[in-house]
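> In this note's numbering, the protein residues as written are 811 to 1023.
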Ligand SMILES: Nc1ncnc2c1ncn2[C@@H]1O[C@H](COP(=O)(O)OP(=O)(O)OP(=O)(O)O)[C@@H](O)[C@H]1O
Ligand SMILES: [Mg+2]
């Protein structure tokens, strides 16, 4: 059914110079699904997420978000309907934990009270305490940074959450905890998740759909 597709990637081709990364690639992501993208290093997983997020423009083909073609005109609005956990640590170093978490809320012009309440509500979801909020990213641990990144990606209630190897730099105990947490968040929010991972067991825990690149 056309309406149940949150993201449609249609016939996309993308090259860096003469290196073809994606060649006529298509995929649909249904509303509320959790797709894990697997594939060897360099196969184009991060490139695909960047194209969905509008950070890269394919040379051919198109991306539709809820049946709307992603265009330069609606890109900013559509990007605000997405949350994005980038590969590696991607917090803004000059912003506090709270400011990082509330980044999209602020762009959406939510009030300070709203931001505070929303972040307070989300903190327990990722097992973080309020005393972390005034700290800067270089004052917290790797696992804490990943959790902050996850809150930043979901705080504005996006329709889509894109995650690029969000747990790869973590020890196995923290990774297991965060996997369960993300699974829990997905079940609660029914958002459409697209996550890149190198780990097939991780994909099997989280995914409703698998995509091999
Ligand atoms: N900015 C760039 N300029 C030129 N080539 C690039 C650029 N970014 C990525 N590539 C190349 O494009 C290919 C796909 O990169 P991409 O980052 O999508 O891979 P990936 O599947 O996410 O890999 P990994 O699992 O290692 O993160 C790789 O061969 C990479 O070297
Ligand atoms: Mg990558």
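A virtual CB, placed ideally from N, CA and C, is assigned to each residue, including glycine.
May I ask you to verify whether the stretch 814-825 touches the stretch 834-841, counting CB pairs closer than 8 Å and requiring at least 3?
Touching, yes.
> On the DSSP bridge assignment, give the partners of residue 846 in chain order.
Its beta-bridge partners are 1005 and 1020.
> Once DSSP output is grouped into helix, strand and coil, what is the label at residue 910?
Residue 910 falls in the helix class under three-state DSSP.
> Say yes only if the C-beta of residue 1009 is nearer than 8 Å to one or more non-hydrogen atoms of ligand 2, and no if none qualify.
No; taking the cut-off as 8 Å, the Cβ of residue 1009 has no heavy atom of ligand 2 nearer than that.
> Does the Cβ of residue 922 have 16 or more other Cβ atoms within 10 Å, making it buried, or fewer, making it exposed?
Residue 922 should be labelled exposed.
> Answer yes or no: the CB of residue 856 versus the heavy atoms of ligand 2, is any distance below 8 Å?
It does: the Cβ of residue 856 is within 8 Å (strictly closer) of some heavy atom of ligand 2.
> Go ahead and pull the three-state DSSP assignment for residue 993.
Of the three classes helix, strand and coil, the one that applies to residue 993 here is helix, per DSSP.
> Is residue 811 buried or exposed, if buried means 16 or more other CB atoms sit within 10 Å of its CB?
For residue 811, the predicted model reports a pLDDT of 49, less than 50, meaning its position is unreliable; a value from the coordinates is still stated below. By the neighbour-count rule (16 or more Cβ atoms within 10 Å), residue 811 is not buried but exposed.
> Closest by CA to residue 1000, which one among 983, 975, 964 and 989?
Closest option to residue 1000, Cα to Cα, is 964.
> What three-state label does DSSP hand residue 822 in the structure shown?
Residue state, collapsed to three classes: strand.
> Helix or strand or just coil, what does DSSP make of residue 831?
It is a strand residue.
> If you drop the 5 nearest sequence neighbours on each side, which residues of the same chain put their C-beta closer than 8 Å to that of residue 883?
Cβ neighbours of residue 883 beyond the five flanking positions: none.
> Go to residue 864, then tell me how far its alpha helix (DSSP H) extends in each direction, as first and last residue.
Here residue 864 belongs to no alpha helix (DSSP H), and DSSP marks it neither H nor E.
> Below 8 Å, can you find three or more Cβ-Cβ pairs linking the stretch 898-911 to the stretch 859-870?
No: fewer than three Cβ pairs fall under 8 Å.
> Could you tell me the alpha carbon to alpha carbon distance between residue 851 and residue 857, rounded to whole angstroms?
Those two C-alpha atoms are separated by around 11 Å.
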